[in-house]
Amino acid sequence: MKDTRYIFVTGGVVSSLGKGIISASLARLLKARGLNVTIQKLDPYINVDPGTLNPYEHGECYVTEDGAETDLDLGHYERFLNVHTSQANNVTTGRIYQSVIDKERRGDYLGETVQIIPHITDEIKYRIRLLAAHGKYDVIITEIGGTVGDIESLPYIEAVRQMRWELGEKAAVIHLTLVPYLTASGELKTKPTQHSVKTLLELGVQPDVIVCRTEKPLNEGIKSKIALFCNVKEEAVIESIDVSTIYEVPIRMRDEKLDEVILKKIGLPINKADLSGWEDFLKRLKNPKGKTRIGVIGKYVELKDSYKSILESLLHAGAKNQVKVDIELIHSEHLNETNIEEKLGGLNGILVAPGFGERGFEGKILAVKYARENNVPFLGICLGMQAAVIEFARNVLHLEGAHSREVDRRTPHPVIDIMESQKKVSGKGGTMRLGSYPCEIKKGSKLEAIYPEQLIHERHRHRYEFNNKYIEMYAMHGMHAVGINPNEDLVEIVELDKHPWFIGVQFHPEYKSTVESPHPLFTAFIAAAVKESKKKN
Ligand code: GLN
4 MKDTRYIFVT
14 GGVVSSLGKG
24 IISASLARLL
34 KARGLNVTIQ
44 KLDPYINVDP
54 GTLNPYEHGE
64 CYVTEDGAET
74 DLDLGHYERF
84 LNVHTSQANN
94 VTTGRIYQSV
104 IDKERRGDYL
114 GETVQIIPHI
124 TDEIKYRIRL
134 LAAHGKYDVI
144 ITEIGGTVGD
154 IESLPYIEAV
164 RQMRWELGEK
174 AAVIHLTLVP
184 YLTASGELKT
194 KPTQHSVKTL
204 LELGVQPDVI
214 VCRTEKPLNE
224 GIKSKIALFC
234 NVKEEAVIES
244 IDVSTIYEVP
254 IRMRDEKLDE
264 VILKKIGLPI
274 NKADLSGWED
284 FLKRLKNPKG
294 KTRIGVIGKY
304 VELKDSYKSI
314 LESLLHAGAK
324 NQVKVDIELI
334 HSEHLNETNI
344 EEKLGGLNGI
354 LVAPGFGERG
364 FEGKILAVKY
374 ARENNVPFLG
384 ICLGMQAAVI
394 EFARNVLHLE
404 GAHSREVDRR
414 TPHPVIDIME
424 SQKKVSGKGG
434 TMRLGSYPCE
444 IKKGSKLEAI
454 YPEQLIHERH
464 RHRYEFNNKY
474 IEMYAMHGMH
484 AVGINPNEDL
494 VEIVELDKHP
504 WFIGVQFHPE
514 YKSTVESPHP
524 LFTAFIAAAV
534 KESKKKN
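In terms of my numbering, the numbers along the sequence shown are unbroken and rise by one, the last being 540.
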């Protein structure tokens with residue numbers, strides 16, 4: 004059994020400082036030094052999971068192999084660490100309370116008064132330690148969502164205080180703060196950091212390391228001031244300066260010796276770090292030999308975080324191809340017959356994004372039609388694939404009323420239900436298909452050249468499925484089902500034969516693309532975009 008170490012990451016002063024990126028960067032650095040690491044996010048909201056949260060407000064919902072709908076920070080963890088996470092890596096206040104209340108109803112507390120301390124805090128501690136149960140990890144990094152001093156995060160900070168006390172030298176606390184620059188006086192200010200650490204101290208937690216987000220370099224004077232006022236060593240005051248890409252952060256943190264300070268603190272050896280794969284990726288990312296313009300057609304374009312994993316996957320694929328990917332987020336609701344050429348004309352590739360509900364769907368259909376007719380490389384993801392098959396039904400098969408049941412539930416006419424809900428297809432009650440499912444790639448398809456294996460596994464988050472009774476008809480007209488879930492006989496991937504690159508996938512490849520393993524579909528999509536644009540010029 005491993006003697007697991009625990010690192011807690013808290014944040015102060017303001018939200019959105021990038022605790023997730025700092026946690027992921029530290030994890031990557033520790034992995035580079037040969038340690039097995041995982042990262043966990045504790046979210047202080049009352050939703051049981053983020054599955055029901057509005058993407059406009061909270062960004063995308065990230066889905067893990069085991070089908071957990073999680074916070075988008077888990078996407079960063081996987082992209083940085085190249086290791087799968089699971090339901091256990093994301094815990095919300097809602098989930099904690101739900102299990103405590105369930106236990107109470109079952110009578111597990113034997114007449115006790117159930118309270119925040121110890122019952123809620125014990126449940127939090129249990130969830131943190133759960134990741135260590137299999138003895139797989141040397142280090143567990145737990146990121147506490149929110150900002151210290153918030154009412155919501157109090158039980159979490161108390162749990163951290165207790166665990167710290169129980170674990171002694173086997174635990175460390177990192178506090179991330181903001182050191183603002185005042186242009187008027189030309190100074191960096193440490194007071195917000197001092198106050199934030201004071202709040203943490205009032206709750207009984209002394210941070211071991213302070214990571215300072217800043218626009219300007221921290222001079223030695225500032226570092227020693229923060230060290231003195233916050234009771235940490237000067238080497239434990241880490242500068243985290245704004246950088247052009249988040250993928251630069253691990254390198255900066257290595258230069259600042261964040262990993263070494265932490266390893267010393269938790270009593271682990273400082274082995275040689277191997278970051279060659281990462282550095283190679285950065286080199287390709289920063290030295291593109293060309294560029295390509297990709298349009299992402301969706302309806303949550305106001306908040307870039309809604310398509311976080313897709314945007315990152317395109318970036319990984321760009322680096323792999325050593326081209327810069329210029330992404331244009333295009334609102335599907337704003338597309339119509341008259342402006343389609345103007346909006347999509349200059350694109351080298353068109354990606355129709357996932358989504359739910361009716362709004363903006365017709366714009367997606369128009370984008371598919373444009374890509375299909377103009378030989379523009381096309382990738383349709385989930386609802387994007389559904390739009391692709393419906394567009395094909397309407398405009399090639401001439402099934403005029405073709406639709407998805409999700410979008411049009413009114414009539415049972417056969418041409419309406421190109422996409423059926425799982426309830427009908429697999430008798431599962433119409434609930435979402437979530438997480439990893441197998442898919443077999445058809446021999447002789449164009450897709451074979453893209454995926455290295457014949458049996459692949461991809462993650463899902465959807466309700467509707469292609470209606471198999473149309474498979475033959477589609478194939479006769481040039482759209483082929485080339486990826487099939489072998490257990491349930493469900494269409495996972497379609498491709499067009501008379502088109503340079505046109506693929507629709509029912510699953511979400513974007514959840515599996517990482518810095519060091521860019522996803523083959525995205526890589527091939529970008530390669531096709533580059534190739535086709537060269538042909539045109
Ligand atoms: N709304 C569609 C479905 O439920 C697609 C979901 C998605 O794009 N993630 O099947």
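Positions of the beta carbon are idealized from the N, C-alpha and C atoms, including for glycine.
query, result
"According to the neighbour-count rule (16 or more other Cβ atoms, all chains shown, within 10 Å of its Cβ), is W168 buried or exposed?", "exposed"
"By the three-class DSSP mapping on this structure, what secondary structure does L32 have?", "helix"
"What are the start and end residues of the beta strand (DSSP E) that includes M482?", "482-488"
"List the endpoints of the continuous alpha helix (DSSP H) containing F83.", "76-84"
"Within 8 Å, do at least three Cβ pairs link the region 121-129 to the region 95-106?", "yes"
"Going by beta carbon distance, what residues of the same chain come within less than 7 Å of G62, once the five residues before and after it are set aside?", "L75, L306, D308, S309, K311"
"Let me know if M256 comes out buried or exposed under the rule of 16 or more other beta-carbons within 10 Å of its beta-carbon.", "buried"
"Per DSSP, V508 is paired with what?", "I384, I496"
"Going by the CB atoms, is the gap between R436 and H463 shorter than 8 Å?", "yes"
"Could you tell me the distance, in whole angstroms, from the CA atom of D52 to the CA atom of G438?", "15 Å"
"To the nearest angstrom, report how far apart Y440 and P512 are at their CA atoms.", "12 Å"
"Under 8 Å between the Cβ atoms of L32 and D262?", "yes"
"Counting C-beta neighbours from all protein chains within 10 Å, is the total for A452 16 or more, i.e. buried, or is it exposed?", "exposed"
"Tell me the DSSP secondary structure of P455 in three-state form.", "coil"
"So A239 and V264 are supposed to be a Cβ contact under 8 Å. How far apart are they, rounded?", "5 Å"
"Can you tell me the Cα-Cα spacing of G481 and L77, whole angstroms?", "39 Å"
"Determine the DSSP secondary structure at E519, reduced to helix, strand or coil.", "coil"
"Would you mind reading off the limits of the alpha helix (DSSP H) that contains A374?", "364-376"
"The ligand GLN heavy atoms versus the CB of F528: any closer than 7 Å?", "no"
"Does the distance from the C-beta atom of S335 to that of A370 stay below 8 Å?", "yes"
"Please give the ranges of any beta strand (DSSP E) in the region 268-343, keeping only runs that are unbroken, at least 3 residues long and fully inside the region.", "294-301, 327-334"
"Under 7 Å from any heavy atom of the ligand GLN, does the C-beta of Q197 make it?", "no"
"Is L354 near the ligand GLN - that is, is its Cβ less than 7 Å away from at least one heavy atom of it?", "no"
"What whole-angstrom Cβ distance do I10 and V142 have, given they're in contact under 8 Å?", "6 Å"
"Touch check for the region 371-385 and the region 490-508: three-plus C-beta pairs under 8 Å?", "yes"
"If I follow the unbroken beta strand (DSSP E) through E468, where does it start and stop?", "467-469"
"Considering only the alpha carbon of each residue, which of D153, L134, V533 lies closest to Q325?", "V533"
"Candidates T180, E498, E126, I496: which alpha carbon is nearest P210's?", "T180"
"List the endpoints of the continuous alpha helix (DSSP H) containing L203.", "194-205"
"By the 10 Å Cβ neighbour count, where 16 or more other Cβ atoms means buried, how is H416 classified, buried or exposed?", "Confidence is the limiting factor: at H416 the pLDDT is only 39, short of 50, which leaves the residue's position unreliable, though a coordinate-based value still follows. Looking at its Cβ environment, which holds fewer than 16 other Cβ atoms inside 10 Å, H416 is exposed."
"Locate the alpha helix (DSSP H) running through P3, then write down its first and last residues.", "Outside the displayed span of the chain (4 to 540) sits residue 3, for which this structure offers no information."
"Can you grab the Cα-Cα spacing for the pair R466 / I147, in whole Å?", "32 Å"
"Figure out for me which residue from D329, K275, A27 has the closest Cα to the Cα of P291.", "D329"
"Tell me the residue span of the beta strand (DSSP E) that contains F232.", "Premise fails: F232 lies in the alpha helix (DSSP H), 223-233, not in any beta strand (DSSP E)."
"What do you reckon, is the C-beta of G14 under 7 Å from a heavy atom of the ligand GLN?", "no"
"For E172, would you say it is in contact with chain D, using Cβ-to-Cβ distances shorter than 8 Å as the test?", "No chain D appears in the structure shown, which is made up of a single protein chain."
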